[in-house]
Amino acid sequence: MSAPLKETAPTGGPAPAGPPVSKSAARAGERRGEGVVLNVFSHGFLALWALLIVLPLLWLVISSFKTDAQIGGSAFGWPHNWSFGVFSRAWNKGIGDYFLNTVIVLVFSVPLTMLFGSMAAYVLARYQFWGNRLLYYFFVAGAMFPVFLALVPLFFMVKRLDMLNTYQGLILVYIAYSMPFTVFFMHAFFRTLPTAVFEAAILDGASHTRTFFQVMMPMAKPGLISVGIFNTLGQWNQFILPTVLMQPQSGSDPERYVLTQGLIQLQQQQGYASDLPVLFAGVTIAMIPMLVVYLSFQRQVQAGLTSATLK
Amino acid sequence: MRKGQYRFVAGFLLVPVALYLIFVIWPYIQTFGYSLTDWKGQSQTFKFVGLDNYRALFQDDVFLEAIWHNILFLVFIPVITILLALFFAFMVNAGGRSRAGGVQGVAGSKFYKIVYFFPQVLSLAILAVLFNAVYRSDGGGLLNGFLIKLGLVDAENPVEWLNEPSIVLWALMVVVIWNSVGFYLVLFSAAMQSIPRDVYEAALIDGAGRAQSFFRITLPLLWDTVQTAWVYLGIVAMDMFVLVSSMTQNMGAYGGGPDHHSDVMSTVMMRNFLYYGKSGYACAMGVVMLLLTLILSVVTLRATRRERIEF
Numbered sequence: 008m009s010a011p012l013k014e015t016a017p018t019g020g021p022a023p024a025g026p027p028v029s030k031s032a033a034r035a036g037e038r039r040g041e042g043v044v045l046n047v048f049s050h051g052f053l054a055l056w057a058l059l060i061v062l063p064l065l066w067l068v069i070s071s072f073k074t075d076a077q078i079g080g081s082a083f084g085w086p087h088n089w090s091f092g093v094f095s096r097a098w099n100k101g102i103g104d105y106f107l108n109t110v111i112v113l114v115f116s117v118p119l120t121m122l123f124g125s126m127a128a129y130v131l132a133r134y135q136f137w138g139n140r141l142l143y144y145f146f147v148a149g150a151m152f153p154v155f156l157a158l159v160p161l162f163f164m165v166k167r168l169d170m171l172n173t174y175q176g177l178i179l180v181y182i183a184y185s186m187p188f189t190v191f192f193m194h195a196f197f198r199t200l201p202t203a204v205f206e207a208a209i210l211d212g213a214s215h216t217r218t219f220f221q222v223m224m225p226m227a228k229p230g231l232i233s234v235g236i237f238n239t240l241g242q243w244n245q246f247i248l249p250t251v252l253m254q255p256q257s258g259s260d261p262e263r264y265v266l267t268q269g270l271i272q273l274q275q276q277q278g279y280a281s282d283l284p285v286l287f288a289g290v291t292i293a294m295i296p297m298l299v300v301y302l303s304f305q306r307q308v309q310a311g312l313t314s315a316t317l318k
Numbered sequence: 228m229r230k231g232q233y234r235f236v237a238g239f240l241l242v243p244v245a246l247y248l249i250f251v252i253w254p255y256i257q258t259f260g261y262s263l264t265d266w267k268g269q270s271q272t273f274k275f276v277g278l279d280n281y282r283a284l285f286q287d288d289v290f291l292e293a294i295w296h297n298i299l300f301l302v303f304i305p306v307i308t309i310l311l312a313l314f315f316a317f318m319v320n321a322g323g324r325s326r327a328g329g330v331q332g333v334a335g336s337k338f339y340k341i342v343y344f345f346p347q348v349l350s351l352a353i354l355a356v357l358f359n360a361v362y363r364s365d366g367g368g369l370l371n372g373f374l375i376k377l378g379l380v381d382a383e384n385p386v387e388w389l390n391e392p393s394i395v396l397w398a399l400m401v402v403v404i405w406n407s408v409g410f411y412l413v414l415f416s417a418a419m420q421s422i423p424r425d426v427y428e429a430a431l432i433d434g435a436g437r438a439q440s441f442f443r444i445t446l447p448l449l450w451d452t453v454q455t456a457w458v459y460l461g462i463v464a465m466d467m468f469v470l471v472s473s474m475t476q477n478m479g480a481y482g483g484g485p486d487h488h489s490d491v492m493s494t495v496m497m498r499n500f501l502y503y504g505k506s507g508y509a510c511a512m513g514v515v516m517l518l519l520t521l522i523l524s525v526v527t528l529r530a531t532r533r534e535r536i537e538f
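Protein sequence lines correspond, in order, to chains A and B.
Every number in the working numbering is 7 more than the matching position in the first sequence, counting from 1.
Every number in the working numbering is 227 more than the matching position in the second sequence, counting from 1.
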């Protein structure tokens with residue numbers, strides 16, 4: 008597990024710039040031939056794929072400024088007027104509520120996932136007791152099974168607890184389903200931390216609990232950040248669990264859709280009352296926080312997500 | 228271990244283990260039991276029917292066709308994604324001009340990585356709305372609009388990307404590939420960078436070209452990572468719920484259209500569970516999905532096993 012950990016260590020300062028290609032390439036100007044052809048070739052393909060990623064996204068954002076008729080008419084052409092009214096319309100038409108619901112759930116579910124996941128991982132990584140290995144595999148095994156295997160009984164379990172269509176129900180389920188990865192990753196992280204500090208804290212008379220919260224957790228910060236980002240993105244984008252668990256249970260039960268669910272809901276309603284600009288504006292609103300988080304924590308996001316797959 | 232320490236360990240494990248047991252493990256286990264009953268969900272009573280659900284499953288044409296679609300996804304999604312990601316990763320890391328020190332990355336490789344990876348942080352719900360707009364069956368869709376401009380598609384008779392039985396699966400695959408390539412590019416790229424430079428330099432001195440060094444050095448040393456990528460993309464291909472359920476015509480509910488031509492196991496299962504209320508039957512489908520996922524992992528790991536190369 009050492010390789011992914013190295014990647015996830017956050018760099019304090021600004022990320023180093025790309026390789027100093029331009030300068031050295033100029034110096035080696037005489038070496039042409041194969042290199043130049045390949046360079047043009049690779050830039051061509053790379054730029055093409057970059058366009059294929061950016062253009063559809065940009066097109067959707069621009070389309071939200073258009074009118075419904077304009078969207079149906081032609082894929083190209085600029086909006087007649089760049090009015091931001093559509094965004095407040097989308098916000099009031101549900102996106103605001105969906106957004107808020109998602110935030111309410113995540114404000115509780117992500118920190119609690121990190122807390123409980125770290126607690127379990129720490130104890131499993133640092134203490135010898137009977138059944139330790141077994142318990143570890145018990146946690147990690149959960150990552151192997153498709154969530155569909157649990158859906159039906161899970162629904163009735165949450166129903167029996169009277170927590171269908173409640174925030175607390177979804178929060179608890181999110182925490183539980185984030186356990187395998189969180190325990191797996193934090194377990195590996197706690198194992199790499201030096202024992203000397205831990206022993207010093209215990210010798211100084213700190214209790215085990217206090218050692219965990221005041222010594223070990225701060226030391227595990229890089230790991231916590233990576234796993235935290237991974238869990239935030241995973242829970243923010245979750246669709247299947249809320250689809251099953253967050254349906255209004257009766258006429259008087261208010262809708263508490265999360266963002267992903269709400270967007271699909273808005274899209275399904277398009278059949279009855281077409282208002283595509285509102286849908287597109289909703290998607291744009293939903294993309295903005297992701298874009299901001301991604302651009303500000305770009306290295307950690309990439310490292311956090313990819314390290315999830317290694318080993 | 229002292230008594231206080233036991234209390235500490237138990238205290239830290241209590242909540243995580245309880246949550247995990249109630250919401251993950253117990254439902255997983257219950258699924259096996261329920262799959263042997265005729266439970267309809269709404270009624271509190273149900274009776275044991277043995278393997279009847281499984282027998283019915285293998286006569287259910289919709290489910291069998293859905294398995295077939297999953298298999299198609301399973302073959303094409305990993306192959307195409309991994310090839311594209313390897314290609315781009317190689318371009319990014321070794322497509323630059325050659326200079327005295329050997330081959331190096333293209334200028335702006337950091338920029339490409341940032342752009343390519345971005346779709347990965349967006350939710351599948353956002354991708355579904357985006358690609359529904361791209362695939363619109365009139366000139367207002369980005370793809371049709373573009374092809375009409377090029378004169379490849381008749382403006383009066385645009386392609387119904389999501390309603391054409393022979394196209395719909397490919398249209399869905401494109402979304403997944405579009406979304407995943409950047410992620411695996413970053414994954415492969417990190418693995419490529421961990422290969423020591425002197426290996427390449429030695430090959431260069433021995434007269435190896437770029438292609439040769441890719442196939443003889445890079446690929447063999449990357450094999451572990453490719454294997455991991457294969458398993459993860461396989462899991463994605465087994466799921467596909469969000470895209471199918473929100474992009475294709477509803478066959479009652481949860482997509483699958485036209486005429487079940489895009490149904491996958493997950494959508495058939497959800498339809499049987501939440502729309503038809505056949506809980507026991509849906510549980511049997513969940514068990515089949517688990518078995519197929521396990522078989523997939525074992526087969527992939529066996530089929531792609533190579534001698535591990537240490538460096």
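For each residue, glycine too, the CB sits at the ideal point set by N, CA and C.
All of these numbers come straight from a predicted model, not from anything done at the bench.
| Asked | Found |
| --- | --- |
| For Val-453/B, count neighbouring C-beta atoms within 10 Å of its own C-beta (all shown protein chains included) and say buried if the count is 16 or more, exposed if not. | buried |
| So, are the CB atoms of Val-495/B and Met-512/B less than 8 Å apart? | yes |
| Grab the span of the alpha helix (DSSP H) containing Arg-498/B for me, first residue to last. | Per DSSP, Arg-498/B belongs to no alpha helix (DSSP H) and is neither H nor E. |
| Which of the three DSSP states, helix, strand or coil, is assigned to Leu-12/A? | Only weak support exists for where Leu-12/A lies, its pLDDT of 34 falling under 50; the coordinates are left without a value. |
| Given 8 Å as the limit, is there contact between the segment 49 to 58 of chain A and the segment 314 to 321 of chain B, that is, 3 or more CB pairs closer than that? | yes |
| Distance check for Val-93/A and Phe-290/B, CA to CA, integer angstroms please. | 42 Å |
| Give me the chain A residues within the contact set of Leu-357/B, using Cβ-Cβ distance strictly less than 8 Å, ordered along the chain. | Pro-63, Leu-64, Leu-67, Val-290 |
| Excluding five sequence neighbours on each side, which residues of the same chain lie with their C-beta closer than 8 Å to the C-beta of Tyr-502/B? | Gly-479, Ala-480, Tyr-481 |
| Using only the alpha-carbon positions, how far apart do Val-413/B and Leu-521/B sit? | 27 Å |
| How would you write the range of the alpha helix (DSSP H) that Glu-292/B sits in, first residue to last? | 288 to 321 |
| Per DSSP, what are the beta-bridge partners of Thr-264/B in this structure? | Phe-275/B |
| Between Ala-509/B and chain A, is the shortest Cβ-Cβ distance under 8 Å, so that the two count as touching? | yes |
| Helix, strand or coil: how does DSSP classify Gly-434/B here? | coil |
| Taking only the alpha-carbon atoms, compute the straight-line gap between Gly-368/B and Asp-75/A and give it to the nearest angstrom. | 13 Å |
| To the nearest whole angstrom, what separates the beta carbons of Ser-493/B and Tyr-261/B, a pair I think is in contact under 8 Å? | That pair is no contact at about 17 Å. |
| Tell me the DSSP bridge mates of Gly-483/B? | Asn-477/B |
| Helix, strand or coil, according to DSSP, for Pro-225/A in the structure here? | helix |
| Classify Ile-394/B as helix, strand or coil using the three-state DSSP reduction. | coil |
| For a quick check, are the C-beta atoms of Ile-271/A and Ala-456/B less than 8 Å apart? | no |
| Is any beta-carbon of chain B found at less than 8 Å from that of Phe-205/A? | no |
| Is it the case that the Cβ atoms of Val-469/B and Ala-355/B are separated by a distance below 8 Å? | yes |
| With 16 as the cutoff for other CB atoms within 10 Å, does Ala-530/B come out buried or exposed? | exposed |
| Please state whether the Cβ-Cβ distance between Val-361/B and Pro-284/A is less than 8 Å. | no |
| For Gln-309/A, does the three-state DSSP call read helix, strand or coil? | helix |
| Given that Leu-240/A touches chain B, what residues does it touch there, using C-beta distances under 7 Å? | Val-348 |
| Quick one: which chain A residues come within Cβ less than 7 Å of Gly-368/B? | Ala-82 |
| Residues in its own chain within less than 7 Å of Gly-212/A by CB, not counting five upstream and five downstream? | none |
| So what does DSSP say about Arg-533/B, is it helix, strand or coil? | coil |
| Could one say the Cβ of Leu-528/B lies closer than 8 Å to chain A's Cβ atoms, at least one of them? | no |
| Quick one: list the residues of chain C neighbouring Met-186/A, beta-carbon separation under 8 Å, in chain order. | In the structure shown, chain C cannot be found, because the protein chains are A and B. |
| So what does DSSP say about Pro-201/A, is it helix, strand or coil? | coil |
| Can you tell me which of the three DSSP states Thr-173/A falls into? | coil |
| Ordered along the chain, which non-local residues of its own chain (more than five positions away) have a Cβ less than 8 Å from that of Val-154/A? | Tyr-184, Ile-247, Leu-248 |
| Taking 8 Å as the CB-CB cut-off, is Glu-37/A touching chain B? | Because the pLDDT at Glu-37/A is just 40, under 50, the model does not fix this residue reliably, and the value given afterwards should be weighed accordingly. By this cut-off, Glu-37/A is not an interface position. |
| Which word fits Asp-486/B, buried or exposed, when buried means at least 16 other C-beta atoms lie within 10 angstroms of its C-beta? | exposed |
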